[in-house]
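Read left to right, the sequence shown gives residues 1 to 342 (full-length UniProt numbering).
Cβ atoms here follow ideal geometry from the backbone N, Cα and C, with glycine treated the same way.
Beneath this line is the structure, given in structure tokens, with notes to follow.
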Amino acid sequence: MTHKIAILGASGYTGAELVRLIATHPEMEIVALAAERKAGMEMRDVFPHLRHLDLPTLVKIGEIDFSTVDLCFCALPHKTSQEVISALPADLKIVDLSADFRLRDPEAYETWYGNPHSAIEMQKEAVYGLTEFYRDQIKNARLVAGTGCNAATGQFALRPLIEADVIDLDEIIMDLKCGVSGAGRALKENLLHAELAEGYHAYAVGGTHRHLGEFDQEFSAIAGREVKIQFTPHLLPTNRGILATCYVKGDAQVIHKAFENAYADEPFIELLPLGQAPSTKHIRGSNFCHIGVVADRIEGRTIVVAALDNLTKGSSGQALQNANLMLGVEETTGLMLAPLFP
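Below is the structure:
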């Protein structure tokens, strides 16, 4: 069976990544691509690396006949998805890649994103899209809210440890680096080559990054009490990749065993041998996440490092993984491509 797919926001990085992945998917066909500012253009003109594909012309969202669509990916900007998704057919399966349905508490959404939640009733049915931990709910969901790319990386590094109660919940520090594509495709002065290249800087310092809302929500729910981590993101002058280095209080061997137990059957999570740390070079362009555990020189302290591609496992690959589950397709379909190297 071939499932008909629409992608809203196809002219952005995550939209293009969805097209790249779905292009070789044996059970999906892209029947509609929407991009408001680039409506009327061909995808090959927006993204020349996709020119070999036979794709629909970009249109405005209002021009799509959703009665012919089985599942819709929404790769739209934050604060836009709630309004757009609310107007889509009530029986349409949707995977949202924005932040608009990630936080279950509307007040938390307003706190972190600065505007009132405009689709509270829909929020009640949204399932958080961290596939490895919400697989059963995602299978039966109509609306899945994809995680933030930084939030996904940090959770892969910490969720099993919180669940297994093998680390001190009041002693968690996460130092995270992300490639520039994580900021989207819109023109921004601080992302110009001359502003970004040959430099490396922290941002949202002191606990202001929006993905902290996801960490607070998920970690506290697992622990059954409030958990707040120290988190500082850094912008790297690279196109893709996230590397999260987490400093925790706990025994390295016990921590490594907790990961083995949690991820033994997960096709996209690769746990490195104890003492090894991953690199963004080794997951580029793939749906894999690599995790390393290294004992610190200070007894009783451990360093956990997680690496993934922010556009693939952190966003569009995760979205396709969720869509496979929602459509009854084998979860790994279209996603087992090997990383690009070098």
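So if DSSP puts residue i in a beta bridge, which residue, or which two residues, is it bridged to?
{"i": "T302", "result": "V248, A295"}
{"i": "residue 380", "result": "As shown, the chain starts at 1 and ends at 342. That puts residue 380 outside it, with no answer to give."}
{"i": "F231", "result": "M174"}
{"i": "H290", "result": "E270, A307"}
{"i": "L243", "result": "K177, A307"}
{"i": "V127", "result": "V144"}
{"i": "V59", "result": "A34"}
{"i": "L71", "result": "I5, K93"}
For residue i, count neighbouring C-beta atoms within 10 Å of its own C-beta (all shown protein chains included) and say buried if the count is 16 or more, exposed if not.
{"i": "A194", "result": "exposed"}
{"i": "A264", "result": "exposed"}
{"i": "D165", "result": "exposed"}
{"i": "V248", "result": "buried"}
{"i": "Q230", "result": "exposed"}
{"i": "Q155", "result": "buried"}
{"i": "G275", "result": "exposed"}
{"i": "T147", "result": "buried"}
{"i": "L187", "result": "exposed"}
{"i": "F133", "result": "buried"}
{"i": "S67", "result": "exposed"}
{"i": "Y200", "result": "exposed"}
{"i": "M1", "result": "exposed"}
{"i": "G206", "result": "exposed"}
{"i": "I120", "result": "exposed"}
{"i": "A90", "result": "exposed"}
{"i": "N150", "result": "buried"}
{"i": "F341", "result": "exposed"}
{"i": "G328", "result": "exposed"}
{"i": "G129", "result": "buried"}
How far does the alpha helix (DSSP H) with residue i in it extend, from its first residue to its last?
{"i": "A157", "result": "149-164"}
{"i": "V96", "result": "Checking the sequence, you will find Asp at residue 96 rather than Val. That residue, D96, is in no alpha helix (DSSP H); its beta strand (DSSP E) goes 93-96."}
{"i": "H78", "result": "Element bounds for H78: n/a, residue is neither H nor E."}
{"i": "Q276", "result": "Note, Q276: premise wrong, no alpha helix (DSSP H); not H, not E."}
{"i": "V46", "result": "43-46"}
{"i": "S315", "result": "Counting along the chain, S315 falls outside any alpha helix (DSSP H), and DSSP gives it neither H nor E."}
{"i": "A39", "result": "Where A39 is concerned, there is no enclosing alpha helix (DSSP H), given that its DSSP letter is neither H nor E."}
{"i": "E198", "result": "Premise fails: E198 is in no alpha helix (DSSP H) and is neither H nor E."}
{"i": "F215", "result": "212-223"}
{"i": "T238", "result": "Run containing T238: none; DSSP gives neither H nor E here."}
{"i": "A119", "result": "Element bounds for A119: n/a, residue is neither H nor E."}
{"i": "E110", "result": "106-113"}
What distance in whole Å lies between the Cβ atoms of residue j and residue i, which are believed to be in contact at a cut-off of 8 Å?
{"i": "L335", "j": "L21", "result": "7 Å"}
{"i": "P237", "j": "A197", "result": "5 Å"}
{"i": "F101", "j": "A145", "result": "4 Å"}
{"i": "I167", "j": "G250", "result": "4 Å"}
{"i": "P339", "j": "S286", "result": "4 Å"}
{"i": "W112", "j": "G12", "result": "Going by Cβ atoms, the distance from W112 to G12 rounds to 21 Å, so no, they are not a contact pair."}
{"i": "L325", "j": "K139", "result": "5 Å"}
{"i": "L235", "j": "C178", "result": "6 Å"}
{"i": "L311", "j": "S181", "result": "6 Å"}
{"i": "residue 343", "j": "Q217", "result": "No answer is possible for residue 343: it lies beyond the span of the chain, which begins at 1 and ends at 342."}
{"i": "V227", "j": "L169", "result": "5 Å"}
Cβ of residue i within 8 Å of Cβ of residue j?
{"i": "R142", "j": "I94", "result": "yes"}
{"i": "H52", "j": "E27", "result": "no"}
{"i": "A183", "j": "L191", "result": "yes"}
{"i": "I162", "j": "I255", "result": "no"}
{"i": "T153", "j": "G317", "result": "no"}
{"i": "A202", "j": "A306", "result": "no"}
{"i": "F73", "j": "A319", "result": "yes"}
{"i": "A35", "j": "G9", "result": "yes"}
{"i": "R210", "j": "A99", "result": "yes"}
{"i": "T24", "j": "Q321", "result": "no"}
{"i": "I298", "j": "T245", "result": "no"}
{"i": "A277", "j": "P233", "result": "no"}
{"i": "I283", "j": "F259", "result": "no"}
{"i": "D96", "j": "I85", "result": "yes"}
{"i": "L58", "j": "I30", "result": "no"}
{"i": "A6", "j": "A32", "result": "yes"}
{"i": "H117", "j": "E110", "result": "yes"}
{"i": "R104", "j": "Q123", "result": "yes"}
{"i": "A87", "j": "L18", "result": "no"}
{"i": "A252", "j": "V293", "result": "yes"}
For the beta strand (DSSP E) that residue i lies in, which residues bound it at each end?
{"i": "M28", "result": "28-34"}
{"i": "H3", "result": "3-8"}
{"i": "A16", "result": "Here A16 belongs to no beta strand (DSSP E); instead the alpha helix (DSSP H) covers 13-22."}
{"i": "L143", "result": "143-145"}
May I ask whether a heavy atom of the ligand NAD can be found less than 7 Å away from the beta carbon of residue i?
{"i": "T208", "result": "The model depicted lacks the ligand NAD and carries no ligand whatsoever."}
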